[in-house]
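**Q** One structure, as structure tokens, below. Some questions next.
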Amino acid sequence: MKKPLSNDPIGGKRTYMQWEGDDTHVVTEQKVDNILEHNKRQANDWKSGSMIGNTQHHHQKVAEIPATLYYDLVKRLGDPRHNLKAWKKWLNDPENRYFRSTGGTV
Numbered sequence: 560m561k562k563p564l565s566n567d568p569i570g571g572k573r574t575y576m577q578w579e580g581d582d583t584h585v586v587t588e589q590k591v592d593n594i595l596e597h598n599k600r601q602a603n604d605w606k607s608g609s610m611i612g613n614t615q616h617h618h619q620k621v622a623e624i625p626a627t628l629y630y631d632l633v634k635r636l637g638d639p640r641h642n643l644k645a646w647k648k649w650l651n652d653p654e655n656r657y658f659r660s661t662g663g664t665v
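Taken in order, the sequence shown gives residues 560 to 665; the numbers are from this note's numbering.
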């Protein structure tokens with residue numbers, strides 16, 4: 560049985576409580592189609608070496624990850640600042656390439 564807890568039609572995110580026998584779960588689902596399409600467009604527009612000579616562009620966005628997935632990854636991999644190697648490995652995995660917003664590898 561499911562009981563809705565919250566619904567965000569704009570963000571495509573919904574949370575509900577689910578009971579299976581004696582187990583109770585809180586489940587959050589989020590539509591990611593728009594985020595993945597946006598990332599694909601950004602990756603296609605990205606040009607290698609675009610930051611060279613640009614003294615005003617000090618940071619480069621490398622990925623956009625839906626919030627529900629991000630917090631699941633934080634639980635599994637730890638904070639990106641403290642386990643950068645694991646996060647890079649996850650982002651460079653071919654199965655996760657559509658979360659990257661640049662070409663190449665991280």
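Ideal Cβ placement from N, Cα and C applies to all residues, glycine included.
Keep in mind it's a predicted model, so treat the numbers as computed, not measured.
(1) Do you know how far the Cα of residue 596 is from the Cα of residue 560?
(2) Given residue 565, which residues of its chain have a CB within under 6 Å of its CB, disregarding the five upstream and five downstream residues?
(3) Quick check on residue 593: does DSSP put it in helix, strand or coil?
(4) Quick check: residue 576 and residue 599, are their CB atoms within less than 7 Å of each other?
(5) To the nearest whole angstrom, what separates the beta carbons of residue 602 and residue 640, a pair I think is in contact under 8 Å?
(6) Please classify residue 626 as buried or exposed, where buried requires at least 16 other C-beta atoms within 10 Å of its C-beta.
**A** Reading off the structure:
(1) Mapped onto the sequence shown, residue 560 falls at position 1. Mapped onto the sequence shown, residue 596 falls at position 37. Cα-Cα distance, rounded: 33 Å.
(2) Position 6 of the sequence shown, counted from the first residue, corresponds to residue 565. The answer, listed in chain order, is 574.
(3) Mapped onto the sequence shown, residue 593 falls at position 34. Residue 593 falls in the helix class under three-state DSSP.
(4) Residue 576 sits at position 17 when you count from the first residue of the sequence shown. Residue 599 sits at position 40 when you count from the first residue of the sequence shown. Result no, Cβ atoms of residue 576 and residue 599 do not sit closer than 7 Å.
(5) Working through the sequence shown from its first residue, we reach residue 602 at position 43. Working through the sequence shown from its first residue, we reach residue 640 at position 81. Their Cβ separation, rounded to whole angstroms, is 24 Å, which puts residue 602 and residue 640 out of contact at 8 Å.
(6) Mapped onto the sequence shown, residue 626 falls at position 67. The residue is exposed, with fewer than 16 neighbouring Cβ atoms inside 10 Å.
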